[in-house]
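*Asks:* Quick note: the sequence shown uses UniProt numbering, first residue 1, plus one each step.
Quick reminder that beta carbons are idealized off the backbone N, C-alpha and C, glycines included.
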Amino acid sequence: MHPSLKQMTLAETRELRDAMGKLCDAGGVLERAGMEVTVSLTDRDTTLRVPSLWGTPGPVDTVVEIDDVPATATYPAAPVPQAEAANDEDAAPPASAAPSTVSAAPPASAAPSTVSAAPSPLPFGERQIGKDGLLRGPWLKEEEDTIRRMHAAGDSWPAIAEALGRPVPAVSYRGRSLGLTKPKAPAPKAIRTGGRSGSDVAPALSPGKTPADECIGSPQGVSAEAAPGDTQSKTSGVAEAPKSAPANAGPRERAPVRDVPSARTGEKAAPAAVVTPSPSIPPQGAARNKGTACPDDLRGLQREVWFHLGSLAADPIFGTDLDLDLVEGLASGQKLGELALDLGVDAAKAKARFELLTEVIRDQKNRITTDGQPALLAVLRRRAQIERGVPA
Numbered sequence: 001m002h003p004s005l006k007q008m009t010l011a012e013t014r015e016l017r018d019a020m021g022k023l024c025d026a027g028g029v030l031e032r033a034g035m036e037v038t039v040s041l042t043d044r045d046t047t048l049r050v051p052s053l054w055g056t057p058g059p060v061d062t063v064v065e066i067d068d069v070p071a072t073a074t075y076p077a078a079p080v081p082q083a084e085a086a087n088d089e090d091a092a093p094p095a096s097a098a099p100s101t102v103s104a105a106p107p108a109s110a111a112p113s114t115v116s117a118a119p120s121p122l123p124f125g126e127r128q129i130g131k132d133g134l135l136r137g138p139w140l141k142e143e144e145d146t147i148r149r150m151h152a153a154g155d156s157w158p159a160i161a162e163a164l165g166r167p168v169p170a171v172s173y174r175g176r177s178l179g180l181t182k183p184k185a186p187a188p189k190a191i192r193t194g195g196r197s198g199s200d201v202a203p204a205l206s207p208g209k210t211p212a213d214e215c216i217g218s219p220q221g222v223s224a225e226a227a228p229g230d231t232q233s234k235t236s237g238v239a240e241a242p243k244s245a246p247a248n249a250g251p252r253e254r255a256p257v258r259d260v261p262s263a264r265t266g267e268k269a270a271p272a273a274v275v276t277p278s279p280s281i282p283p284q285g286a287a288r289n290k291g292t293a294c295p296d297d298l299r300g301l302q303r304e305v306w307f308h309l310g311s312l313a314a315d316p317i318f319g320t321d322l323d324l325d326l327v328e329g330l331a332s333g334q335k336l337g338e339l340a341l342d343l344g345v346d347a348a349k350a351k352a353r354f355e356l357l358t359e360v361i362r363d364q365k366n367r368i369t370t371d372g373q374p375a376l377l378a379v380l381r382r383r384a385q386i387e388r389g390v391p392a
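The following block contains the structure:
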């Protein structure tokens with residue numbers, strides 16, 4: 001650092017600016033890891049401080065020891081030549097005169113002066129709730145035990161962060177400092193149907209049973225495979241008796257007339273044409289494909305995002321939980337390369353997956369809209385809750 005900031009050349013000013021930029025970059029790495037950073041600039045060194053990561057934090061104040069110098073020091077007066085003393089009436093007194101007393105700095109045995117360190121946004125030992133409603137500050141042993149327990153159970157970093165009420169990057173960084181790795185994405189459940197991914201999964205079927213009708217316009221519990229003329233219609237293993245349609249099933253079309261003899265004439269009635277509803281705008285509560293239906297409380301853009309995610313082809317790597325970790329990590333400001341390493345996937349595949357997930361929330365200039373990102377996060381969290389069986 002220049003000895004004086006009050007007198008600097010333009011070249012020295014540029015050099016100082018570049019050094020401050022590097023300092024901000026270094027502090028940004030720690031800040032993105034969930035740490036509170038404090039910068040201390042002196043004429044001797046530059047220090048970046050973060051709260052204690054292990055053990056009991058030390059005191060905030062720093063004691064500066066002073067060299068052992070007596071409180072007062074006696075120095076004899078300088079001798080004056082006789083010639084100058086004779087010609088100058090105001091000359092200094094001779095060497096035999098009383099010595100002059102000069103005050104010195106206090107000795108080290110005296111009370112040391114205490115210099116306070118730079119104030120920290122979050123004092124050591126204090127836990128605070130940030131503006132985002134998340135906890136920040138030193139970690140408790142109970143929190144570390146919770147991280148280990150939930151990690152062993154296969155929970156993701158976002159799930160652990162939600163349980164602890166802390167930021168996801170801070171929990172991920174703390175977990176890695178405890179020697180834990182990123183939890184693996186859950187294996188695909190049951191049987192994937194229609195080339196879909198995420199929560200659009202059909203349950204495994206027992207031998208000899210047919211799945212329930214997949215057409216929105218067919219009667220509940222009756223299989224579309226029932227051939228005309230059959231006296232017994234094929235039903236799914238779940239619906240043995242006619243059931244009323246659920247409240248969120250949307251409008252239904254008239255059931256086709258079976259090719260069975262009439263009770264009065266004994267003649268077979270002509271089968272009626274089956275009307276298929278237009279798939280362009282799905283009715284409320286119905287999904288575009290087989291699997292979990294769209295929740296009734298989703299409206300507008302969230303509904304569009306739900307159907308977009310349901311229309312994506314199955315991916316051998318990414319599922320709902322991994323998609324959620326990817327979007328949450330990038331939304332929190334984490335770099336793609338660092339996040340891909342944390343998730344254990346290739347960075348190029350993570351980028352391609354993110355672009356695929358955000359197709360529906362981009363504008364004409366291929367930019368993510370301001371309301372699109374919250375909608376995507378909300379829908380991914382809802383789909384993850386449904387897959388885990390957690391009530392909304």
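Would you give the residue range spanned by the beta strand (DSSP E) that V39 belongs to?
*Replies:* By one-based count along the sequence shown, residue 39 stands at place 39. Counting along the chain, the beta strand (DSSP E) containing V39 begins and ends at 38-41.
*Asks:* For Q302, which residues does DSSP report across the bridge?
*Replies:* As a working mapping, residue 302 is identified with position 302 in the sequence shown. DSSP output for Q302 lists no bridge partner at all.
*Asks:* Find the nearest neighbour of T146 within the set T320, T369, L164, A170, judged by alpha-carbon distance.
*Replies:* Numbered from 1 along the sequence shown, position 146 holds the residue referred to as residue 146. Ranking T320, T369, L164, A170 by Cα distance to T146 puts L164 first.
*Asks:* How many Å lie between I129 and R166 at the Cα?
*Replies:* In the sequence shown, residue 129 corresponds to position 129, counting from 1. In the sequence shown, residue 166 corresponds to position 166, counting from 1. Cα to Cα, I129 sits roughly 9 angstroms from R166.
*Asks:* Just to confirm the assignment, what range does the alpha helix (DSSP H) spanning R176 have?
*Replies:* Working through the sequence shown from its first residue, we reach residue 176 at position 176. Element bounds for R176: 168-177.
*Asks:* For L343, does the three-state DSSP call read helix, strand or coil?
*Replies:* Counting from one through the sequence shown, the residue named residue 343 turns up at place 343. Helix, per DSSP.
*Asks:* In whole angstroms, what separates the C-alpha of D342 from that of L178?
*Replies:* Walking along the sequence shown from the start, residue 342 turns up at place 342. Walking along the sequence shown from the start, residue 178 turns up at place 178. In a straight line, the C-alpha of D342 is about 15 angstroms away from that of L178.
*Asks:* Report yes or no: do three or more beta-carbon pairs, one from the region 376-391 and one from the region 296-307, lie closer than 8 angstroms?
*Replies:* Output reads yes: the region 296-307 touches the region 376-391.
*Asks:* What three-state label does DSSP hand R49 in the structure shown?
*Replies:* Taking the sequence shown and counting its residues from 1, the one referred to as residue 49 is at position 49. Reduced to three states, the DSSP call for R49 is strand.
*Asks:* Classify G389: buried if its beta carbon has 16 or more other beta carbons within 10 angstroms, exposed otherwise.
*Replies:* Your numbering for residue 389 matches position 389 in the sequence shown. Classification for G389: exposed.
*Asks:* If you reduce the DSSP assignment to three classes, tell me which class A313 lands in.
*Replies:* Against the sequence shown, residue 313 aligns to sequence position 313. Here A313 sits in strand by DSSP.
*Asks:* Are there 16 or more other CB atoms within 10 angstroms of the CB of R17, so buried, or fewer, so exposed?
*Replies:* Numbered from 1 along the sequence shown, position 17 holds the residue referred to as residue 17. Exposed: under 16 other Cβ atoms inside 10 Å.
*Asks:* Tell me whether R362 sits in a helix, a strand or coil according to DSSP, three-state version.
*Replies:* The residue labelled residue 362 in the question sits at position 362 within the sequence shown. DSSP places R362 in strand when its eight states are reduced to three.
*Asks:* Checking 8 angstroms against the spacing of the C-beta atoms, do L339 and L326 come in under that value?
*Replies:* In the sequence shown, the residue the question calls residue 339 occupies position 339. In the sequence shown, the residue the question calls residue 326 occupies position 326. Closer than 8 angstroms, so yes.
*Asks:* Specify, as a first and last residue, the run of the alpha helix (DSSP H) that L134 falls within.
*Replies:* Position 134 of the sequence shown, counted from the first residue, corresponds to residue 134. It is not in any alpha helix (DSSP H) - L134 carries neither H nor E in the DSSP assignment.
*Asks:* Check the C-beta distance from residue 393 over to R383 and give it rounded, since I have them as a contact under 8 angstroms.
*Replies:* It is not possible to answer for residue 393, since the shown part of the chain is limited to 1 through 392.
*Asks:* Per DSSP, which residues does residue 405 bridge with? Please list them.
*Replies:* Because residue 405 is not part of the residues shown, which for the chain are 1 to 392, the question remains open.
*Asks:* I need the DSSP call for A352, collapsed to helix, strand or coil.
*Replies:* Within the sequence shown, numbered from 1, the residue matching residue 352 stands at position 352. Note: A352 maps to helix in three-state DSSP.
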